[in-house]
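The structure appears right after this line, and notes come after that.
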Amino acid sequence: MEHRKKLVHVTSIPIRWGDMDAYGHVNNTVYFRFMEQARVEWIEAMQVLVRPGGDGPVIINASCTFLKPMTYPGTVEVRTYVGHAGRSSVPTHVEMLIDGELYAEGAAKVVWMNTQSGKSVPIPEHVRASFEEDAAAPT
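Written out as structure tokens, the structure reads:
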């Protein structure tokens, strides 16, 4: 992830009993669900509907580094940051914390595309404006 990033969204997600696997900790796939839920909340807060049809955001890659195992019960605070945006994409970085302690870090590249053509399109100006302001300030 880039050295410059801006915090754009924070949400809390409860860990459910069913999120755990046979090893007694949250399954690795659930971390991606936590990131997905936070990303959808952030995007919809910018008045962008995450629905099929027309122009919208998709991710072209995603990663997660698992630092400590999460277990039920608990609440995960998911912090979403953005880096420097290009014409049609923006890198995101996510921190997942429980009680202020970092449990996992993730990243995804979000690209705006036309769902009919499958081609990238410019990030809408109102969306770009929401995360470019002060994005140059290091965190």
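Read the sequence shown against the working numbering and you will find it ends at 128, with the numbers running on by one and no gaps. Virtual Cβ for every residue (Gly too), placed ideally from N, Cα, C.
What are the boundary residues of the alpha helix (DSSP H) that residue i is part of?
i	result
residue 17	17 to 34
residue 118	114 to 121
Please state whether the Cβ-Cβ distance between residue i and residue j is less than 8 Å.
i	j	result
residue 37	residue 116	yes
residue 65	residue 112	no
residue 49	residue 39	no
residue 35	residue 119	yes
For residue i and residue j, which I take to be in contact (beta-carbon distance under 8 Å), what is that distance rounded to the nearest angstrom?
i	j	result
residue 83	residue 2	About 12 Å; that fails the 8 Å criterion.
residue 14	residue 59	6 Å
residue 53	residue 20	5 Å
residue 43	residue 104	6 Å
Go through its chain and collect everything with a Cβ distance to residue i's Cβ below 7 Å, but skip five positions before and after it.
i	result
residue 23	2, 65, 67 and 85
residue 47	100 and 102
To which residues of the same chain is residue i closer than 8 Å at the C-beta, ignoring the five residues directly before and after it?
i	result
residue 26	0, 2 and 67
Going by DSSP, what residue range makes up the beta strand (DSSP E) through residue i?
i	result
residue 93	90 to 103
residue -4	-5 to 3
So is residue i in contact with chain D if we call contact Cβ pairs under 8 Å?
i	result
residue 76	Given the protein chain composition of this structure (a single chain), no chain D is represented.
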